[in-house]
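Terminal number for the sequence shown in UniProt numbering: 368, no gaps in between. What follows is a single structure, written as structure tokens, with notes after it.
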Amino acid sequence: MSWEPDRLDDQKQLTDGDPSGMLRAVAASAAQVRTSRRAAREADLSSLDREGRPRTIVVAGMGGSGIAGDILNAVCGHGAPLPIVTVRSYRLPGWVGATDMVIAVSCSGRTEETLAVAMEAVRRGCRLLALGAPDSPLQAIARQAGAPFVPVVTGGQPRAAVWALSIPLVVIAAELGLVQADDEAFESTAKRLEDIAHRCRPASESFINPGKSLAMEMAETVPMIWGSSPLAAVAAYRWACQLNENGKYPAVWGEIPEVNHNQVVAFDGPLATRDIFADESGRSLRLFVLRDVEEHPQVARRREVSVRMAEDRGVPVTQIVAEGLHPLERLATLVELGDYASTYLALGYGVDPTPVSAITELKARISS
Ligand SMILES: O=P(O)(O)OC[C@H]1O[C@@H](O)[C@@H](O)[C@@H](O)[C@@H]1O
């Protein structure tokens with residue numbers, strides 16, 4: 001696999017290299033926001049309202065579904081009147097009980113960790129809500145428990161359905177009064193996503209296409225992705241996951257200030273000072289800072305100093321600033337750029353962004 005940037009501006013190579021249409025899926029993010037909002041409103045969630053606000057919300061899910069919990073938490077923000085926790089494993093924490101709401105999210109409705117948590121939630125008498133593929137084992141658990149179920153029909157990879165899986169959670173949070181999210185917030189988010197999709201469209205050339213130019217900056221480096229707020233850190237995590245799954249590529253992510261207590265030391269390490277790649281394209285560590293407009297003043301200082309320290313040592317830095325006012329909008333703008341960049345990175349390497357063979361093999365090997 002060699003990095004060939006010319007592939008990014010060759011329309012035929014782009015189409016041939018992306019047979020399952022990951023670029024098309026990313027371009028459909030705005031439509032996903034609109035459609036999933038309607039779906040959430042149409043689903044009968046009145047029982048959730050009737051029972052009022054739970055003590056906590058626990059979102060259970062893996063990979064591209066688990067991040068729905070992080071998105072919910074980021075959108076509700078620092079002022080959320082209750083804890084929102086994401087569980088990415090087989091078991092609910094011991095403290096979760098009947099007064100808590102467990103939201104099980106699985107695009108396929110078949111992921112074993114998520115099903116285990118949903119069943120445990122039923123056993124503990126929690127308020128359960130489930131989202132995922134219709135006619136799936138997850139829907140069967142919800143049906144048996146008399147719990148509401150929001151059908152999510154995608155047909156693609158779960159990570160390409162991130163908005164279909166997370167927007168219903170934001171709708172529910174708004175109904176429970178955890179966040180203000182009116183029509184305008186969803187619509188402006190969809191418009192921002194459309195705008196990025198236009199700027200990052202395959203026909204737009206690398207030098208004016210932010211998705212392609214980010215991919216060029218990432219190629220042949222180890223990307224270190226930092227978020228400058230809890231919201232931006234969710235985007236940093238998504239970037240890393242998308243680089244892993246779309247790009248089949250390693251990535252490191254974290255949040256300022258925590259990264260100032262560990263990852264920053266890598267600026268003085270072997271990857272920052274030595275070219276591990278054969279083509280002498282430069283140093284291998286590269287810092288991507290995802291900036292939120294709402295930063296703690298000390299975090300803003302730490303960000304500025306971190307960037308200067310990286311540059312002083314010759315570690316290249318790219319900074320991206322979230323656009324928009326509503327937290328959903330800001331998060332969506334950061335996420336969408338990472339979705340494009342990771343897809344273009346795969347295509348520049350001649351890698352099909354869609355399949356995740358290693359995950360499939362791992363699942364097959366543990367089930368045999
Ligand atoms: O959303 P579900 O179907 O539970 O999948 C959750 C995760 O499962 C993994 O094995 C992969 O397929 C990931 O891409 C996916 O995000």
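The beta-carbon is built from N, C-alpha and C at its ideal position, and this holds for glycine as well. None of the values given here were measured: they were computed from a predicted structure.
Are the beta-carbon atoms of residue i and residue j separated by less than 8 Å?
{"i": "GLN319", "j": "ARG301", "result": "no"}
{"i": "LEU331", "j": "VAL179", "result": "no"}
{"i": "PRO148", "j": "LEU165", "result": "no"}
{"i": "ALA310", "j": "LEU287", "result": "yes"}
{"i": "ALA172", "j": "LEU14", "result": "A small correction: the amino acid at residue 172 is Ile; Ala does not occupy that position in the sequence shown. It is not a contact, given that the beta carbons lie outside the stated cut-off."}
{"i": "ARG159", "j": "GLY63", "result": "yes"}
{"i": "ARG238", "j": "GLY77", "result": "no"}
{"i": "ILE71", "j": "ILE103", "result": "no"}
{"i": "SER284", "j": "ILE256", "result": "no"}
{"i": "VAL170", "j": "LEU328", "result": "yes"}
{"i": "PRO168", "j": "ALA40", "result": "yes"}
{"i": "GLY156", "j": "ALA43", "result": "no"}
{"i": "LEU92", "j": "VAL117", "result": "yes"}
{"i": "THR86", "j": "GLY109", "result": "no"}
{"i": "TRP226", "j": "GLY269", "result": "no"}
{"i": "GLY314", "j": "ARG7", "result": "no"}
{"i": "PRO83", "j": "LEU115", "result": "no"}
{"i": "SER357", "j": "GLN242", "result": "no"}
{"i": "ARG201", "j": "PRO210", "result": "no"}
{"i": "MET22", "j": "PRO353", "result": "yes"}
Going along the chain, which residues of its own chain have a beta-carbon closer than 8 Å to the beta-carbon of residue i, five neighbours each way excluded?
{"i": "ASP9", "result": "GLU205, SER206, LYS212"}
{"i": "PRO5", "result": "SER206, MET216, ALA219, GLY348"}
{"i": "GLY125", "result": "GLY97, ALA98"}
{"i": "ASN244", "result": "PRO250, ALA251"}
{"i": "GLN139", "result": "GLY109, ALA130, GLY132, ALA133, PHE149, PRO151"}
Skipping 5 residues on each side, what residues in its chain have a beta carbon closer than 7 Å to that of residue i?
{"i": "ASN260", "result": "ARG302, SER306"}
{"i": "ALA232", "result": "LEU290, ARG291, ASP292, ALA322, LEU334"}
{"i": "SER89", "result": "GLU113"}
{"i": "VAL317", "result": "LEU287, VAL289, VAL307, ALA310, GLU311"}
{"i": "VAL152", "result": "CYS107, LEU131, GLY132, ALA133, ALA161, ALA164, LEU165"}
{"i": "GLY79", "result": "none"}
{"i": "GLU294", "result": "SER229"}
With 16 other CB atoms within 10 Å as the buried threshold, where does residue i fall?
{"i": "LEU325", "result": "exposed"}
{"i": "MET1", "result": "exposed"}
{"i": "TYR340", "result": "buried"}
{"i": "ASP312", "result": "exposed"}
{"i": "GLU336", "result": "buried"}
{"i": "THR99", "result": "exposed"}
{"i": "residue 373", "result": "No statement about residue 373 is possible, as the shown extent of the chain runs from 1 to 368 and does not include it."}
{"i": "ASN262", "result": "exposed"}
{"i": "GLY94", "result": "exposed"}
{"i": "residue 370", "result": "The question about residue 370 has no answer here: the residues shown for the chain are numbered 1 through 368."}
{"i": "ASP18", "result": "buried"}
{"i": "GLN11", "result": "exposed"}
{"i": "SER368", "result": "exposed"}
{"i": "residue 370", "result": "Absent from the structure is residue 370, since the part of the chain shown begins at 1 and ends at 368."}
{"i": "GLY247", "result": "buried"}
{"i": "LEU45", "result": "buried"}
{"i": "ILE208", "result": "exposed"}
{"i": "PRO223", "result": "buried"}
Terminal residues of the continuous beta strand (DSSP E) containing residue i?
{"i": "GLN319", "result": "317-321"}
{"i": "ILE84", "result": "84-87"}
{"i": "ARG110", "result": "ARG110 -> no beta strand (DSSP E), and no H or E assigned at all."}
{"i": "GLU255", "result": "252-255"}
{"i": "PHE149", "result": "149-151"}
{"i": "ALA266", "result": "Premise fails: ALA266 is in no beta strand (DSSP E) and is neither H nor E."}
{"i": "PHE186", "result": "No beta strand (DSSP E) contains PHE186, which is instead part of the alpha helix (DSSP H) from 183-199."}
{"i": "ARG127", "result": "127-132"}
{"i": "PRO223", "result": "222-227"}
{"i": "ARG291", "result": "285-291"}
Quick one: residues in its chain with C-beta nearer than 6 Å to the C-beta of residue i, no 5 flanking neighbours on either side, listed in chain order?
{"i": "ALA30", "result": "ALA190, LEU193, GLU194"}
{"i": "ALA142", "result": "ALA130, PHE149"}
{"i": "ASP279", "result": "In this predicted model, ASP279 has a pLDDT of only 47, less than 50, meaning its place in the structure is not dependable enough to derive any value."}
{"i": "ARG34", "result": "ALA190"}
{"i": "GLN32", "result": "TRP163, ALA164"}
Following the continuous alpha helix (DSSP H) through residue i, name the residue where it begins and the one where it ends.
{"i": "ILE172", "result": "162-175"}
{"i": "MET218", "result": "210-218"}
{"i": "ALA43", "result": "Premise fails: ALA43 is in no alpha helix (DSSP H) and is neither H nor E."}
{"i": "VAL75", "result": "63-76"}
{"i": "LEU243", "result": "230-245"}
{"i": "PRO327", "result": "327-348"}
{"i": "ILE17", "result": "Residue 17 is actually Gly in this sequence, not Ile. Start and end: 11-17."}
{"i": "ALA60", "result": "Looking at the DSSP string, ALA60 is not in any alpha helix (DSSP H); the run it does join, the beta strand (DSSP E), is 57-60."}
{"i": "VAL26", "result": "22-27"}
{"i": "VAL351", "result": "That residue, VAL351, is in no alpha helix (DSSP H); it is neither H nor E in DSSP."}
May I ask whether a heavy atom of ligand 3 can be found less than 7 Å away from the beta carbon of residue i?
{"i": "ALA164", "result": "With respect to ligand 3, the structure shown offers nothing to examine, as its ligands consist of ligand 1."}
Going along the chain, which residues put their C-beta within less than 6 Å of some heavy atom in ligand 1? MET62, GLY63, GLY64, SER65, SER106, CYS107, SER108, THR111, THR114, GLN157, PRO158, ARG159, GLU245, VAL356, ILE359
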